[in-house]
Amino acid sequence: MDLRGFQPNHVHWRLDGGVAMISLARPERKNPLTFESYAELRDFFRALAADEAVRAVVIGSNGGNFSSGGDVHDIIGPLIARDMKGLLAFTRLTGDLVKAMRACPQPIVAAVDGVCVGAGAMIALCADLRIGTPAAKTAFLFTRVGLGGCDMGACAMLPRVVGHGRAAELLFSGRVMSAEEGERWGFFNRIVAGDALEREAIALAESLASGPTFAHMMTKTMLHQEWSMTLDQAIEAEAQAQAICMQTEDFKRAYQAFVSKQTPQFSGD
375 MDLRGFQPNH
385 VHWRLDGGVA
395 MISLARPERK
405 NPLTFESYAE
415 LRDFFRALAA
425 DEAVRAVVIG
435 SNGGNFSSGG
445 DVHDIIGPLI
455 ARDMKGLLAF
465 TRLTGDLVKA
475 MRACPQPIVA
485 AVDGVCVGAG
495 AMIALCADLR
505 IGTPAAKTAF
515 LFTRVGLGGC
525 DMGACAMLPR
535 VVGHGRAAEL
545 LFSGRVMSAE
555 EGERWGFFNR
565 IVAGDALERE
575 AIALAESLAS
585 GPTFAHMMTK
595 TMLHQEWSMT
605 LDQAIEAEAQ
615 AQAICMQTED
625 FKRAYQAFVS
635 KQTPQFSGD
């Protein structure tokens, strides 16, 4: 599937130039996730791998909130009645969303306002860059509902972003991380005023979209793959990746622009 055939019912999305904007579609309930919205988000990010028209992505807030996580009535209630096979089908669905986000070649910017908790916090964490507002309240509250903090890759990803001790505190306690803490700890790249959030997120995504998109893809790929490499393996992998980038037309354009004292115009090839 490519995005031209993507017609979701549980998320909103649009394409502005090379930037795809997507958000959850139930602002009156602080944008909870349902079985259907998980699947639509997964399908959206999977489709990005084959869509060259999209050069960057913004996951936005809606109605002053990012997401309140899994819906109590539409997800948690039905899960109580499932057997192990059914439960594993659901937890693998949530993990498939994370894998699709990390595997899509485009850089992802999360624009976080208000409530950003549970699976919503994981979606923000899985983005490549995060911009928040002073009202952003982020919590990995899985233990609050009797579940482990090990959800959707949280125990692998959160320590790499905020450090092991801080991640352990957030995952054990389920407490809210304030916007100020989030910026200080490195979860948010920066904090902006609420009325500037979408504009700032789109501007950041547009700056990425105008850059060397093949090189961005390679950067994202190596950031992800090098988690499990030794330093020697990472140095060799980067040597190979950089040699591939040196074969692109964008690399030649950057050199020619430098020589002629112009700004390079990248095309992603």
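Numbering-wise, the sequence shown is residues 375 to 643 according to my numbering. Backbone N, C-alpha and C fix where the C-beta goes; we use that ideal spot for every residue, glycine too.
Secondary structure at C500: helix, using DSSP grouped into helix, strand and coil. The continuous alpha helix (DSSP H) containing D606 extends over residues L605 to C619.
For the pair G548 and V483, the Cα-to-Cα distance works out to about 24 Å.
Taking C-alpha positions only, F464 is separated from D417 by approximately 15 Å. With respect to the C-alpha of P382, the residue from G392, R429, L398 and L422 having the closest C-alpha is L398.
DSSP, reduced to helix, strand and coil, places R564 within a strand of the structure shown. Taking C-beta atoms as the reference points, I505 and E554 fail to come closer than 7 Å. Counted as a single uninterrupted DSSP element, the alpha helix (DSSP H) harbouring W559 occupies residues A553 to W559. Scanning F440, F419 and S584 for the CA closest to the CA of A628 turns up S584.
For W387, same chain residues with a beta-carbon under 6 Å away, outside a window of 5 residues either side, are I396 in chain order. Collapsing the DSSP output to three states places S435 in coil. Comparing C-alpha distances from F561 to each of F409, E414 and A495 shows the shortest one belongs to A495. L467 is positioned such that its CB atom lies no closer than 7 Å to that of F514.
Boundaries of the alpha helix (DSSP H) around H598: T587 to Q599. By the neighbour-count criterion, in which 16 or more other beta carbons inside 10 Å mark a residue as buried, R378 falls on the exposed side.
In the DSSP assignment, M395 falls outside any alpha helix (DSSP H) and within the unbroken beta strand (DSSP E) covering V393 to L398.
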